[in-house]
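Numbering (this note's numbering), first residue to last: 1 to 563.
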């Protein structure tokens, strides 16, 4: 969306192709029917930080920032310690750091001073020197070598590092230093952030789409791109490429009643023979799982009935019906090819997550035409899975609590968002019912602690009752549980292998929160800034004036001193 807005604003004819049923990627949302009321749902709580300059510029242009509401503090809740409430910045270094120490009930000057080389590295972030020295190590090794064990690591470095969605034993130390610089020491806003007072769909995505269409962008949702071939100087975007090979299943494997799992399909007997459904959710393609009352998408809590018709969540269509051919005692399922739809283009922006870019760069002629990009995409990866559980409870949260906490010290819980404290219609629901709506997150779940959405829901609920004791006896009136694995991996050694905005091909550029950026940015801001960079690359090639890209400081406050 960021790239499309820039290019359309400079007079280009832009077509935006979105695989899902709505725009937004990891920011997308959908309506739910819960307890007889319509409520908004999304992938999980998002904080809109003040240093998200490029994202906020896009929102402001579209009038999509009107529902942003400031939260009082960025709170860190560590088991057995008083709450740390980090406020917005505004003071120059070192006064900002001294303000943090002054306000903290646990941190002191001794926790950051003395012989602590790791602290000097945090204060002296440099994009070249930091990555040369620390990108081969993980955060745990950095804490040990930097002599940062103790209160600072426990209250600041580890909780903030985990918020990157990367497990600290697999998170590059250099990326963690950059992360710390971007969110704390490299910007005058500090940790000031806003939350949405309405659901992301009506508050952000609807006005953004309207803004793009006013600029002349042709927005197409439900349009999955399977290949980007080249014909002469132009590129083509191919949609709905040929179907996959047929799945073969023994007829005897299909029970008299219910569905049989055939890998890429579910099959059941009918009075007329056999019928099959594609296992891929019609929302974003996650493989659905069978449930007693139908099917369930574990990624975004979509639910289907026993006929594959969506009954709740984001799926826009029933599970796709696949042809079944009977050959004696063998069933051949699927395999029918759909005709290709071709969209011609003079230039293409691949604004994808790492998994989507990896798949696209392995298809068609891209491995041959853009080998450097294909190699970078193949080396990319996703962080460990994360869980989001939203709970409708019959008791209120203590009104003295803050709306959002980063959490540490419990096995699974990494953050809590009290939706009934800041977002409609949950505020009204809590006032009418005397209950609360709380969302719990588990980031970067290690292999030994993974489980189904229901298993993780139960564990997060148990920890919530411990973290917020006033909810110990609360009954759950409704829940939505999701497990996803679509956040970018920032493992040791990944930085040098990342895709760049410019590819091997002049009219093919890349955007996303996983691409190499010349300045610090993460998460939504990295996505928005990379979109502007990609658009600027195409503008510069045509001799068209580029758009400015505001950023935080490129280097730490002590970078010149220590270099």
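All C-beta atoms, glycine included, are put in the ideal place defined by N, C-alpha and C. Treat the numbers as computed from the prediction; the structure is a model and nothing was measured.
Original post:
DSSP on residue 145, reduced to helix/strand/coil?
Top reply: In the chain shown, the residue the question calls residue 145 occupies position 145. Helix, per DSSP.
_For residue 273, list the residues DSSP reports as bridge partners._
What you label residue 273 is simply residue 273 of the chain shown in a count that begins at 1. According to DSSP, residue 273 bridges with 270.
For residue 422, which residues of its own chain have a beta-carbon under 6 Å away from its beta-carbon, when the five flanking residues on both sides are left out? The residue labelled residue 422 in the question sits at position 422 within the chain shown. The residues are 195, 403.
Point to revise | Rounded C-alpha distance that separates residue 113 from residue 121 | key: Locating residue 113 in the chain shown gives position 113, where the first residue counts as 1. Locating residue 121 in the chain shown gives position 121, where the first residue counts as 1. So the alpha carbons of these two residues sit roughly 12 Å apart.
Please return the same chain residues whose Cβ sits closer than 8 Å to the Cβ of residue 532, not counting the five positions on each side in sequence. Within the chain shown, the letter at position 532 stands for residue 532. Within the same chain, residue 532 has close Cβ partners 2, 3, 6, 54, 547, 549.
Q) If we ignore side chains and look at the alpha-carbon of each, how far apart do residue 267 and residue 34 end up? A) Numbered from its first residue, the chain shown carries residue 267 at position 267. Numbered from its first residue, the chain shown carries residue 34 at position 34. Computed Cα separation, rounded: 31 Å.
request  = Count the C-beta pairs between the segment 520-535 and the segment 85-103 that are closer than 8 Å, then say yes if the count reaches three, no if not.
outcome  = Judged by Cβ distances under 8 Å, the segment 520-535 makes no contact with the segment 85-103, as fewer than three pairs qualify.
Worksheet entry | Separation of residue 283 from residue 327, as counted between CA atoms | For the purposes of this step, residue 327 is identified with residue 327 of the chain shown, where counting begins at 1. For the purposes of this step, residue 283 is identified with residue 283 of the chain shown, where counting begins at 1. Cα-Cα distance, rounded: 33 Å.
Measuring CB to CB, does residue 481 end up less than 8 Å from residue 442? Position 481 of the chain shown, counting from 1, holds the residue named residue 481. Position 442 of the chain shown, counting from 1, holds the residue named residue 442. Contact: no.
- Task: Run the CB neighbour count on residue 591, radius 10 Å, all protein chains shown included, and call it buried at 16 or more, exposed below.
- Result: There is no way to answer for residue 591, as the model of the chain reaches only from 1 to 563.
| query | Can the beta-carbon of residue 277 be found less than 8 Å from the beta-carbon of residue 221? | reply | One-based indexing of the chain shown puts residue 277 at position 277. One-based indexing of the chain shown puts residue 221 at position 221. Against a cut-off of 8 Å, the Cβ pair of residue 221 and residue 277 comes out as no contact.
Near residue 303, what residues of its chain come up, given a Cβ to Cβ distance below 6 Å and the 5 sequence neighbours on each side ignored? For this step, residue 303 is matched to residue 303 along the chain shown. For residue 303, where only same-chain residues beyond five positions count, the Cβ hits under 6 Å are 296, 311, 312, 313.
field: For residue 422: DSSP bridge partner residues
entry: Position 422 of the chain shown holds residue 422. Its beta-bridge partners do not exist; DSSP assigns none.
Can you check which of these residues, 30, 39, 27, 8, is closest to residue 437 by C-alpha distance?
Numbered from its first residue, the chain shown carries residue 437 at position 437. Its Cα nearest to that of residue 437, the residue 39 stands out among 30, 39, 27, 8.
(message) Given a cut-off of 8 Å on the beta-carbon distance, is the pair residue 556 and residue 91 in contact?
(response) In the chain shown, the residue the question calls residue 556 occupies position 556. In the chain shown, the residue the question calls residue 91 occupies position 91. Not closer than 8 Å, so no.
Query - Cβ-Cβ distance between residue 405 and residue 75 below 8 Å - result: Here residue 405 refers to the residue found at position 405 of the chain shown. Here residue 75 refers to the residue found at position 75 of the chain shown. It is a contact, given that the beta carbons lie within the stated cut-off.
- Item | First and last residue of the uninterrupted alpha helix (DSSP H) at residue 177 | Within the chain shown, numbered from 1, the residue matching residue 177 stands at position 177. Counting along the chain, residue 177 sits inside the alpha helix (DSSP H) bounded by residues 173-180.
Go ahead and pull the three-state DSSP assignment for residue 8. In the chain shown, counting from the first residue as 1, residue 8 sits at position 8. Correct three-state label for residue 8: helix.
Q.
What does the alpha-carbon distance come out to for the pair residue 389 and residue 440?
A. Walking along the chain shown from the start, residue 389 turns up at place 389. Walking along the chain shown from the start, residue 440 turns up at place 440. Computed Cα separation, rounded: 5 Å.
Given this structure, state the Cα-to-Cα distance separating residue 20 from residue 151, to the nearest angstrom.
Translated into the one-based positions of the chain shown, residue 20 becomes position 20. Translated into the one-based positions of the chain shown, residue 151 becomes position 151. Residue 20 and residue 151 have their C-alpha atoms some 44 Å from each other.
On the DSSP bridge assignment, give the partners of residue 28 in chain order.
Here residue 28 refers to the residue found at position 28 when the chain shown is read from its first residue. DSSP output for residue 28 lists no bridge partner at all.
Practice prompt. For residue 62, name the three-state secondary structure that DSSP assigns.
Written response: As a working note, residue 62 is residue 62 in the chain shown. Three-state DSSP puts residue 62 in a helix.
query: Distance, Cα to Cα, residue 116 vs residue 170?
result: Here residue 116 refers to the residue found at position 116 when the chain shown is read from its first residue. Here residue 170 refers to the residue found at position 170 when the chain shown is read from its first residue. As the crow flies, the alpha-carbon of residue 116 is around 22 Å from that of residue 170.
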